[in-house]
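Asks: Protein chains in written order, with the working numbering: chain P, 20 to 494; chain W, 20 to 494; chain D, 20 to 494; chain C, 20 to 494. Ideal Cβ positions, reconstructed from N, Cα and C, are used throughout, including at glycine. Just so it is clear, the structure is predicted and the values come from calculations on it, not from any experiment. Structure incoming, see below.
There are 4 protein chains.
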Amino acid sequence: MNNAENNILSDYIDGKLHEECGVFGAYSIENEDVTASIYYGLYALQHRGQESCGIAVSDTNGPKGRVNSCKGMGLVNDVFDENNLEKLGGNIGVGHVRYSTAGASCIENTQPLVINYVKGTLAVTHNGNLTNVAELRDELSRTGAIFQTTVDSEVIAYVIARERINTRNVEEAAKNAMMKLKGAYSIVMMSPKKLIGCRDPFGFRPLCIGKRENTYFFASETCALDSVDAEFIRDVIPGEIVTIDKNGICSDTSLCTEKAAKCIFEYIYFARPDSYVDGVSVYSSRIMAGRILAQQHPVEADVVIGVPDSGSAAAMGFALESGIQYGTGFIKNSYIGRTFIKPKQSVRESAVKIKLNVIKEVVKGKRVVMIDDSIVRGTTSERIVRMLKNAGATEVHVRISSPPFLHPCYFGTDVPSCDQLIAANNTIDEICQMLGADSLGYLDGERLSELVEGDCGYCEACFSGKYAVEPPKEN
Amino acid sequence: MNNAENNILSDYIDGKLHEECGVFGAYSIENEDVTASIYYGLYALQHRGQESCGIAVSDTNGPKGRVNSCKGMGLVNDVFDENNLEKLGGNIGVGHVRYSTAGASCIENTQPLVINYVKGTLAVTHNGNLTNVAELRDELSRTGAIFQTTVDSEVIAYVIARERINTRNVEEAAKNAMMKLKGAYSIVMMSPKKLIGCRDPFGFRPLCIGKRENTYFFASETCALDSVDAEFIRDVIPGEIVTIDKNGICSDTSLCTEKAAKCIFEYIYFARPDSYVDGVSVYSSRIMAGRILAQQHPVEADVVIGVPDSGSAAAMGFALESGIQYGTGFIKNSYIGRTFIKPKQSVRESAVKIKLNVIKEVVKGKRVVMIDDSIVRGTTSERIVRMLKNAGATEVHVRISSPPFLHPCYFGTDVPSCDQLIAANNTIDEICQMLGADSLGYLDGERLSELVEGDCGYCEACFSGKYAVEPPKEN
Amino acid sequence: MNNAENNILSDYIDGKLHEECGVFGAYSIENEDVTASIYYGLYALQHRGQESCGIAVSDTNGPKGRVNSCKGMGLVNDVFDENNLEKLGGNIGVGHVRYSTAGASCIENTQPLVINYVKGTLAVTHNGNLTNVAELRDELSRTGAIFQTTVDSEVIAYVIARERINTRNVEEAAKNAMMKLKGAYSIVMMSPKKLIGCRDPFGFRPLCIGKRENTYFFASETCALDSVDAEFIRDVIPGEIVTIDKNGICSDTSLCTEKAAKCIFEYIYFARPDSYVDGVSVYSSRIMAGRILAQQHPVEADVVIGVPDSGSAAAMGFALESGIQYGTGFIKNSYIGRTFIKPKQSVRESAVKIKLNVIKEVVKGKRVVMIDDSIVRGTTSERIVRMLKNAGATEVHVRISSPPFLHPCYFGTDVPSCDQLIAANNTIDEICQMLGADSLGYLDGERLSELVEGDCGYCEACFSGKYAVEPPKEN
Amino acid sequence: MNNAENNILSDYIDGKLHEECGVFGAYSIENEDVTASIYYGLYALQHRGQESCGIAVSDTNGPKGRVNSCKGMGLVNDVFDENNLEKLGGNIGVGHVRYSTAGASCIENTQPLVINYVKGTLAVTHNGNLTNVAELRDELSRTGAIFQTTVDSEVIAYVIARERINTRNVEEAAKNAMMKLKGAYSIVMMSPKKLIGCRDPFGFRPLCIGKRENTYFFASETCALDSVDAEFIRDVIPGEIVTIDKNGICSDTSLCTEKAAKCIFEYIYFARPDSYVDGVSVYSSRIMAGRILAQQHPVEADVVIGVPDSGSAAAMGFALESGIQYGTGFIKNSYIGRTFIKPKQSVRESAVKIKLNVIKEVVKGKRVVMIDDSIVRGTTSERIVRMLKNAGATEVHVRISSPPFLHPCYFGTDVPSCDQLIAANNTIDEICQMLGADSLGYLDGERLSELVEGDCGYCEACFSGKYAVEPPKEN
């Protein structure tokens, strides 16, 4: 609806990539109401999707498969209030926050997707992007399927529903379905008696398990476990199907392989720094990126600052490694929300400033190292460099805590086409000039694995173009 | 959501049966925007459903099957405004107003149902109730279907989608589907290039065709054609499939039979008096009911009054036939809407009065004949009789312009179970006593066909128990 | 806000004058909560103002002068819900429904106006128009007053507040204030311990008193007393100040005179037909108007119909007197509300039909007498006559149940300037031609007093130009 | 309305003091629309008040004193959208963000307060608290004033309106009024042709002047000037009246004295770190506070962290001075808004975590210095210390960048009564124990003036109890 405008806005004021979703699930074996926990969990995952959100809950002891759900456009804070939360209620449930690319931002596409199928109800939430969704839709359509949304979750639900016919239980149907699904998916779903978490065999998107007393949780990130005081148990392994029922946790790892392609950008930008993703601290990973940058692209300077929010930790790492003083160069206005109106002519130049302002005292008369996590189109970076210079910085050295972004992502991030990627169309020197910076250095891809403590099972296709899963034919 | 409360309310303040829907469709062959026409058409059909409404439009010359829709809970007046209407727009479209029974009043169940299937998009609206919906759902589920709503429209769409695989066009798929659908349905649906209206072979629910210049319309009632200045063309025949495309109207009557079971209650209560249903004036039909009543249950009295709104015309007929003076006995408060709050203890007795007040001058010191269209539970009637007596009526003679309501309806009305029907559990004398009336007379069923000018193809199962279509097995 | 549009709309679809307000007050001496009663009372008065509404309540035993209020734009149904009504609560309160002329439709101008002054709080509601409001504002301003609204109530509150300084109690202050206020006003206001109703010495606007057990009520019309099951006690006399406190009713009639100028249009159009205004049944008054019309402007015809809602009773009177059959010629769509969007080009001609449709069966092939209460600009009447002819009426004889509307009203109705009044600028023959009617007859002003049972204390300045109170200097 | 709950919430999740308002004004001499600028300015001042906000604009060349305004409860983001902003529009205007103490959070109290008085319109915004408001209200009431709000702005407007009667212009009236107003006030107001900024003679609350091309601005903080790309001109001097009309800036300093009592807490906590208040960088001031703390309360530790947001800069200062490494210890969830629902039993312990989470990597196994700006009740601090220990901190040394908060503030902050101030009722050792900290150190008040570069004209009454202006008699 106001998606077009929002995209323009986000482009205008943040110019960042966006993750497409966050998922959360809870099951209290002792029949406590999990609605509030899901609500808090979604608050903690809000950074993964601000377009819409939803909660579906059920009662494993109630009328079979009776599901109450509430979904809406906007933030958790916009959609839920005491009235509608009170009408939910149940000891099992799933929740979702969503960000989408243009054209599909509408109430029909909100999740959880609650369906009724041959074995009762199923509420499905999903983070990622299938690469063979067009083929799956075609195939399903040709045998009479109807689609009411344009989200992958509906296709996933369909495939599971069809597999369920000849299988003994929903987790087996999920397994069969996973053999047909290609691409990135972390799924949390709820059947009348079970909470199930699945992660694609490459583990593109994160998914972890937590526990508080007799309540189990799935979450995209550990920060959501913290928000409900749950203890982190472990990550779901790529390819694993984890089923939680009244008897506790049960795991099926038969689809797991040695290969993994976990998204490296979760560490660089998407995940919250207080989260651990697949056992690695996001914060430490960013500190390391800053340290490497300082080694690869040293520079004489007076202060190191990070572009909020994700650049701060890398800036700290750069400072620690280089010995240059760390400073808080920017103030971010956190009150700007969905209805923010794009500046018109008269104040256009101040556009970025409304969202981000320089603390002049920190940069005035100084040689500044400015750390950011990535450059997409370059427009925002150019404005920020200009702001720093206007605020009195004598030099601005831009350091990017990831390699140049050269290739599209098909696995659940909001990626512009190649022709809009500044690094795909310009040399680093050209980009430096376009930004008006005094120097520019990107993290060298060869040391990327140090960010994740030497683990090699990471997807860095957006830098290297080497896709673990074949991209969709026509995109 | 607040459905439970609303039901209590409607029960409390009107105690009437409710139709389950109104449908409307429009197709401008000359590419005029039909959104406004659908909007006005739904206003005219609002009496057929006040719970939710929706519009879906498309452009037969635009990107294939691109559908814009807007749906919401509440009245046409609540759901649509300049902003969202402006975002619709197209030369073909369908609209729907909905009333539902308890438990299924939610945004998911609003219509039109817009789906994507093997041949593109389909937007479906439906008035009626299938009697074999449970069987159809089972069958579909067993072959992998998933359901996201609990409305019949979704089942109808599914059956059509499956039939479409092996048929040449959507109207042929619709025909095959109709052979599987049992019960009551008047369907208006839109494919990328066609507007289609179907009526079940018994014609339980009305559906008519209109035209204004180069725009064609389908509507549940002719009053909706009037509201868009369209000329009435004809009714859709029971069993007929009418397809409108750029070449005009095309009809398939191969499923039509001699038998029909058109709902008699459309004349008695549901339809607007300014409508013609299947060629018969609703107003004249009510006048006739009043005349028959006066012949069957004459009484000495000073004034005849009707309970608004449907009782007025019958009262006029009674007055004409009996020679007793007609009077306007009640004022109905038309401002009472969805958020009306049920009176608490202190003003409980005045409950009905807030909705309906007596004009004392009309009844004071008089012997009153009070005409109503039906008695469901009896509670409201009892309150109204009391109001009249309190206002000074010396006698109140109740006359009902339909036979006693004895059997449930499975064809698209809001029917309480038998044990709540006052006439199914009490003699007429008992009911008269319960109402506190001085006499009570129902229309004798034998002359019912006079209401529809002698046509015998009407369903009167709620009075007689003779169902044209086998009722659902377990309801 | 959307007032301009609304005015266009109301003009477009009803073309009627509008009353400016309805007032209601309640005081339970036995400490019952009166909030619900006020809410129901406002529902009953909704026809007197649909633009905004509000309720203010207090507790005569609670912290002195603590007032809870809730006000908003829209209908009672739009503004109040369970949540905000629950937050009110108290044994004394006042309520208001408002209609205003263009330019002043905003939240600031909603009532009750709750003020704090030298003696605590005062919540004021008002129906009418002061004719010396400009002078009073000037005078108050010159001594330092500030105004936050543009409603008369604020001026009234100011004058009372100033008078209160040197008086013993609020009713005395009210009396002194009334000596300064000129024009039309029926005031219901609440001080911490008293509920007070005042009516200007000419009694332009109605005000009555009711009682239910130990709760007293003020209301603009008796229908609001009915809605709370209260018994009508009596009307407030023109010039009277009625004070209700824990000891019951107390009256000050020292400002009462023999002269009165009660608005005759309350009977003809504004008030609900089930109300009694100053002892006269509104319904009977309209029946009488119809009878007189039949005597003054007889015509040969087949059916008499009334334009809803106010024309119906007069049509009945005409039918009774003339012996011509009465019929229900129109169906009014009561679902049309604030957000109704004005038809665009393609369906413009149907504009009136969306609001009002003809029952063709009643007028087809007939000579029709069409009764309406008044003609303001004439545009709507012209459309209605055309609708009747299009529906097959062979002749349309228009009869108006009031004299030609020739002069502006300064006493609380929504009056266009003289140049927009059709009767002020055309002869009756010309008007008849403009309407496309076959004949036209207005009620002769000489028999107007028969409508109010011979009482001569009525204002008919809009017909005669004889104003009981000098009009404002510059309007 | 939901104020009570909100207070509980803010207490629960932030436990901080709150400023009571932010003001903004704009006047384009060349007739550009200033609405958007005010809107952006309010975004930048949102941290000063999140309860309600409003904008009033006018056209100095339009109909005299015609003011358009839009106000509402909630954030700038909640209240304004394209629709309502579009309806504003004018070349002069004022804006306001508001926070209030319990009991007065309602639509009536939103600002700007737009009044009509003897010389036309006046739109008033105000930051601060009058100490003689009760006396002024009494005096005004006794001469007939009525009050419709409970905000100081209304009293200010009244006093100005009365003074205006015998003065030549509004700025002279403002000056006379200022001689009667006691306490803290920074006023920005707009008459039909002038924009006026006034600051009380002690300058409790900040106010500055900016300019962009031919548009002048007033703002509470310079960050709001940045947001509209305006150049900072200068601060309004305590006691100064600055008038901007078509001829530019004009100043009246006749009420200025040598004494000043500018709020020191603006530097410590209220203002944004990118603002300069009275010439001093807020950021630098906080760095200095951290340095002093490190000198006054040194401690052996591994990392220094700040409690967001205000503690970060002081933590940086502490780190710089002590040589201990700076770290980002916390992640703050910025998505939590007005409708956030307080955790119930099951997740109560995680309450603070939803708002604030620890980055475990930073504190695990470390001796931590935690810097916060103040302790009010102590509950939040206690929870935060516990969080750190649970996250693995071996020691937690709390350092507070201000002296103990011992005395109430009467000048525009949200201050609990003395009995709720932890430092007013406990020794530092006791507080340390209550917090569960390993040591606790407050900034020594003697060096406070170093925060503001040696300027002595600051109010530190909340620490010292020495009030520049006599407190209100009964509070």
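Tell me which residues share the same chain as residue 65 of chain C and place their Cβ nearer than 7 Å to its Cβ, disregarding the 5 neighbours each side in the sequence.
Replies: 94, 95, 116
Asks: Identify whether residue 396 of chain P lies in helix, strand or coil by the three-state DSSP scheme.
Replies: The answer is coil: DSSP assigns residue 396 of chain P none of H, G, I, E or B.
Asks: List the residues of chain A whose Cβ lies closer than 7 Å to the Cβ of residue 290 of chain W, in chain order.
Replies: Although the question refers to chain A, the structure presented lacks it and instead comprises the protein chains P, W, D and C.
Asks: What is the rounded straight-line gap between the Cα of residue 294 of chain D and the Cα of residue 43 of chain D?
Replies: 14 Å
Asks: Just the chain C side, please: which residues come within less than 8 Å of residue 104 of chain P by C-beta, in chain order?
Replies: 360
Asks: Taking the straight line between their C-alpha atoms, what separation do you get for residue 106 of chain P and residue 86 of chain P?
Replies: 11 Å
Asks: Quick one: which unbroken alpha helix (DSSP H) runs of 4-plus residues sit fully inside the region 260-302 of chain D? Chain order, please.
Replies: none
Asks: So for residue 224 of chain W, helix, strand or coil by DSSP?
Replies: coil
Asks: Since I believe residue 420 of chain D is in contact with residue 312 of chain D (beta carbons under 8 Å), could you give me their beta-carbon distance rounded to a whole number of angstroms?
Replies: 6 Å
Asks: Kindly indicate which residue of P:241, P:402, P:416 has the alpha-carbon position closest to the one of residue 230 of chain P.
Replies: P:241
Asks: Quick one: list the residues of chain D neighbouring residue 372 of chain W, beta-carbon separation under 8 Å, in chain order.
Replies: Within chain D, 245, 246, 248 have C-beta atoms less than 8 Å from the C-beta of residue 372 of chain W, given in sequence order.
Asks: From residue 157 of chain P to residue 72 of chain P, what distance separates their C-alpha atoms?
Replies: 28 Å
Asks: Taking residue 300 of chain P and residue 154 of chain C to be in contact with their CB atoms under 8 Å, please state how far apart those CB atoms are, rounded to whole angstroms.
Replies: Wrong, their Cβ atoms sit about 60 Å apart, outside the cutoff.
Asks: Mapping the DSSP letters down to three states, classify residue 198 of chain W as helix, strand or coil.
Replies: coil
Asks: Taking the alpha carbon of residue 432 of chain W as the point to measure from, which residue in W:356, W:147, W:130, W:228 has its own alpha carbon closest?
Replies: W:147
Asks: Unbroken beta strand (DSSP E) runs of length 3 or more, entirely within the region 430-472 of chain C: which are they?
Replies: 458-461
Asks: Measure from the alpha carbon of residue 182 of chain C to the alpha carbon of each residue in C:405, C:455, C:194, then state which is nearest.
Replies: Comparing Cα-Cα distances from residue 182 of chain C to each of C:405, C:455, C:194, the minimum goes to C:194.
Asks: Which class does residue 171 of chain C belong to by DSSP, given the choice of helix, strand or coil?
Replies: Secondary structure at residue 171 of chain C: helix, using DSSP grouped into helix, strand and coil.
Asks: Any beta-carbon of chain D closer than 8 Å to the one on residue 312 of chain W?
Replies: no
Asks: Residues in its own chain within less than 8 Å of residue 490 of chain P by CB, not counting five upstream and five downstream?
Replies: 150, 427, 429
Asks: By Cβ distance, which residues of its chain are closer than 7 Å to residue 383 of chain C, with the 5 residues on each side in sequence left out?
Replies: 410, 411
Asks: Under 8 Å between C-beta atoms, does residue 228 of chain C make it to chain P?
Replies: no
Asks: When you compare the CB of residue 483 of chain P with every CB in chain W, is at least one pair closer than 8 Å?
Replies: no
Asks: Taking beta-carbon pairs under 9 Å, can you tell me which members of the region 130-155 of chain D lie near chain C?
Replies: 132, 133, 134, 135, 136, 137, 138, 141
Asks: Residues of chain P with a CB under 8 Å from the CB of residue 242 of chain C: which are they?
Replies: Neighbours of residue 242 of chain C on chain P, chain order: 350, 376.
Asks: Rounded to whole angstroms, what's the CA-CA distance from residue 196 of chain W to residue 203 of chain W? Just pull it up for me.
Replies: 14 Å
Asks: Could you tell me the distance, in whole angstroms, from the CA atom of residue 89 of chain P to the CA atom of residue 104 of chain P?
Replies: Between the alpha carbons of residue 89 of chain P and residue 104 of chain P lies a gap of roughly 8 Å.
Asks: Using DSSP's beta-bridge definition, name the partner residues of residue 135 of chain D.
Replies: D:140, C:166
Asks: Can you tell me whether residue 26 of chain C is helix, strand or coil according to DSSP?
Replies: Note that residue 26 of chain C scores a pLDDT of 36, beneath 50, so its modelled location is shaky; the value from the coordinates is reported in the next line. It is helical.
Asks: Take residue 177 of chain D as the anchor and find which of D:132, D:324, D:214 has the nearest alpha-carbon.
Replies: D:132
Asks: Starting from residue 234 of chain D, follow its DSSP beta bridges and name the residues at the other end.
Replies: D:47, D:231
Asks: Closer than 9 Å, Cβ to any Cβ of chain C: which residues of the region 57-75 of chain P, in chain order?
Replies: Listed by position along the chain: 58, 59, 62, 63, 65, 66, 69.
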